[in-house]
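Chains as they are written, first to last, in my numbering: chain A, 24 to 214; chain B, 24 to 214.
Data block below; observations after.
Protein chains: 2
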Amino acid sequence: MTPAARRVLEAAARLFYERGIHAVGVDLIAAEAGVTKKTLYDRFGSKEQIVVEYLADRDERWRAFLAQCLDAAQPVSAARVLAVFDASRAWSAKNSSKGCSMVNAHAEISDPAHPAYPIITGQKEWMLALFTDLAGDIAPGGAVQLGRTLMLLHEGALVAHGLHIFPDPISHAREQAQTLLATTGGAAAKR
Amino acid sequence: MTPAARRVLEAAARLFYERGIHAVGVDLIAAEAGVTKKTLYDRFGSKEQIVVEYLADRDERWRAFLAQCLDAAQPVSAARVLAVFDASRAWSAKNSSKGCSMVNAHAEISDPAHPAYPIITGQKEWMLALFTDLAGDIAPGGAVQLGRTLMLLHEGALVAHGLHIFPDPISHAREQAQTLLATTGGAAAKR
DNA sequence: TCAGGAGTATACCGATCTGTATAGTGAGCC
DNA sequence: GGCTCACTATACAGATCGGTATACTCCTGA
Numbered sequence: 024m025t026p027a028a029r030r031v032l033e034a035a036a037r038l039f040y041e042r043g044i045h046a047v048g049v050d051l052i053a054a055e056a057g058v059t060k061k062t063l064y065d066r067f068g069s070k071e072q073i074v075v076e077y078l079a080d081r082d083e084r085w086r087a088f089l090a091q092c093l094d095a096a097q098p099v100s101a102a103r104v105l106a107v108f109d110a111s112r113a114w115s116a117k118n119s120s121k122g123c124s125m126v127n128a129h130a131e132i133s134d135p136a137h138p139a140y141p142i143i144t145g146q147k148e149w150m151l152a153l154f155t156d157l158a159g160d161i162a163p164g165g166a167v168q169l170g171r172t173l174m175l176l177h178e179g180a181l182v183a184h185g186l187h188i189f190p191d192p193i194s195h196a197r198e199q200a201q202t203l204l205a206t207t208g209g210a211a212a213k214r
Numbered sequence: 024m025t026p027a028a029r030r031v032l033e034a035a036a037r038l039f040y041e042r043g044i045h046a047v048g049v050d051l052i053a054a055e056a057g058v059t060k061k062t063l064y065d066r067f068g069s070k071e072q073i074v075v076e077y078l079a080d081r082d083e084r085w086r087a088f089l090a091q092c093l094d095a096a097q098p099v100s101a102a103r104v105l106a107v108f109d110a111s112r113a114w115s116a117k118n119s120s121k122g123c124s125m126v127n128a129h130a131e132i133s134d135p136a137h138p139a140y141p142i143i144t145g146q147k148e149w150m151l152a153l154f155t156d157l158a159g160d161i162a163p164g165g166a167v168q169l170g171r172t173l174m175l176l177h178e179g180a181l182v183a184h185g186l187h188i189f190p191d192p193i194s195h196a197r198e199q200a201q202t203l204l205a206t207t208g209g210a211a212a213k214r
């Protein structure tokens, strides 16, 4: 990726997240990136493609960040679940003051045929699979159930964080997850 | 409100929710409502005002629907909490296949100075107050804590419902709320 | 009867939208 | 020297954006 293309993607990412995808035009993106529209179209071909790469890049970075956080966590499933919430809190503090970018993008992209759609649903499916996987070690019989509950707590926390309805909702969700794991997993949580 | 104005608001509500606010122009709204732009502007004055009335109307209808559901529920706080989830499930089934309209609008309206902003945050604050109020009867010492947890479960369920990541997330959230109330409230929940 | 409100039809405004065209500059590379 | 690639500058296309203007019809109520 050329330097100009990177600047375009960075400008687009910031503008799309802060103002919304449909509210931002390519002229503004080009201007903010210090690039002409010609360059922008030479590199990306269309605004839609910039949207796709914006979401794909953000998805990739989040997964890499989370993987790094999980590597640093203890190899115990209960601790790893809590590490996911810790990762979300750290990530949201500096990247997501307006809530989850995938959820926000989903509000604007309704057509399932849109090339960005699978990126959005893909991340959520991946997160659910992660929670369910970890839940399987804690409560083998109720992995699906527990995984879904963790997913709800996590998604709710991201929304609450973006809406600023009460302070530090992600930490609150983490605590709730902790007590949930303690009561659900029992001795398995301490394995 | 004149018949034409009502048709405009109905068309705008449907289009805004399904396609996003910024993605829908006034020409389309007028055409779908079977109304000229002249009439539209005579009644509402601006697109922004239509957005405000769309959200205010939806907020009002949701509160009225919820109040009706709560009136039909047993006068026991634990039952009433579950009634909120039941109301959400019924409401979402026919009005919110794409998730919470307030959350979706928040993705597009970032400016706190926008006249629609207080409607969005107002509904969420009201819901949190409702949960906290009901939680106060169940666990007087931890009303704030419990209210926030219920809020997270509820918001998470709405997001999960809109994203279709697993079937019937609102019922799942309801069940989790139920076990949460049983363990937190203890005997008080059965009062 | 007639005034006024609700509505239609149509044309227009300047601005902005996504996307394309032509022309040219500068650096690195064989 | 020549060639390619990344990039700039500028202008423009066709469509749509929010919003306004003029001129008209229909219906209701005093």
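Yeah, the Cβ is synthetic: ideal placement off N, Cα and C, and Gly gets one too.
A quick note: this is a predicted structure, and the numbers were derived from the prediction, not measured.
Rounded distance between the beta-carbons of residue j and residue i, thought under 8 angstroms
i	j	result
B/L204	B/V104	6 angstroms
A/A56	A/A34	4 angstroms
A/V75	A/P138	5 angstroms
A/L175	B/A183	6 angstroms
A/R179	A/F154	Note on identity: in this sequence residue 179 of chain A is Gly, with Arg being the wrong assignment. With 8 angstroms as the limit, A/G179 and A/F154 do not qualify as a contact, their Cβ atoms being about 13 angstroms apart.
B/D80	B/C92	Their Cβ separation, rounded to whole angstroms, is 19 angstroms, which puts B/D80 and B/C92 out of contact at 8 angstroms.
A/A162	A/T207	5 angstroms
Residue i versus residue j - alpha carbon distance
i	j	result
B/G159	A/A46	42 angstroms
A/L32	A/I73	7 angstroms
A/K121	A/P192	13 angstroms
B/S119	B/A136	26 angstroms
B/E148	A/H177	19 angstroms
A/C123	A/G43	12 angstroms
B/D65	A/F39	33 angstroms
B/S115	A/L63	41 angstroms
B/T25	B/A102	40 angstroms
A/R84	A/A152	18 angstroms
B/K213	A/D156	The pLDDT assigned to B/K213 is 40, lower than 50, so where the model puts this residue is not dependable; a value taken from the coordinates is nonetheless given after this. Rounded to the nearest angstrom, the two C-alpha atoms are 35 angstroms apart.
B/E198	A/T172	10 angstroms
B/A36	B/H129	15 angstroms
A/R29	B/Y140	33 angstroms
B/A196	B/A53	39 angstroms
A/A200	B/D134	33 angstroms
A/A27	B/L51	37 angstroms
A/A87	B/K61	53 angstroms
A/T59	A/E41	22 angstroms
B/R112	B/I188	16 angstroms
A/E71	B/I132	21 angstroms
A/D82	A/P98	24 angstroms
A/G145	B/L186	10 angstroms
A/S69	A/K117	29 angstroms
A/G164	A/L78	35 angstroms
B/A211	A/I142	Here B/A211 scores only 44 on pLDDT, less than 50, and its place in the model should not be relied on; the value that follows carries that caveat. Those two C-alpha atoms are separated by around 45 angstroms.
Partner residues on chain B for residue i, Cβ-Cβ distance less than 7 angstroms
i	result
A/N127	A130
A/E178	G179, V182 and A183
A/E148	I188
A/T59	Per Cβ cutoff of 7 angstroms: no residues; A/T59 is ~25 angstroms from chain B at best.
Interface partners of residue i on chain A, CB under 9 angstroms
i	result
B/L151	A183, I188 and F189
B/G43	G43, I44, H45, A130, E131, I132 and S133
B/G48	Within 9 angstroms Cβ-Cβ: nothing; B/G48 doesn't reach chain A, min ~11 angstroms.
Limits of the alpha helix (DSSP H) - the one that residue i falls within
i	result
A/C92	K70 to A95
A/P190	Run containing A/P190: none; DSSP gives neither H nor E here.
B/K121	It is not in any alpha helix (DSSP H) - B/K121 carries neither H nor E in the DSSP assignment.
A/I52	V49 to A56
B/T25	Looking at the DSSP string, B/T25 is not in any alpha helix (DSSP H), and its letter there is neither H nor E.
B/T62	K60 to F67
Contact set between residue i and chain B, taken where Cβ atoms lie within less than 8 angstroms
i	result
A/Q199	T172 and L175
A/P192	R171 and L175
A/T206	T206
Amino acids of chain A, ordered along the chain, whose beta-carbon sits closer than 7 angstroms to that of residue i
i	result
B/A215	Absent from the model: residue 215 of chain B. The displayed extent of chain B is 24 to 214, so no value can be given.
B/K121	S133
B/T62	Chain A residues near B/T62: none, gap ~26 angstroms exceeds 7 angstroms.
B/T144	L186
Legend entry - Secondary structure, alpha helix (DSSP H): runs of 4+ residues fully inside the segment 134-167 of chain B: As far as the segment 134-167 of chain B is concerned, its whole alpha helix (DSSP H) runs of at least 4 residues are 140-161.
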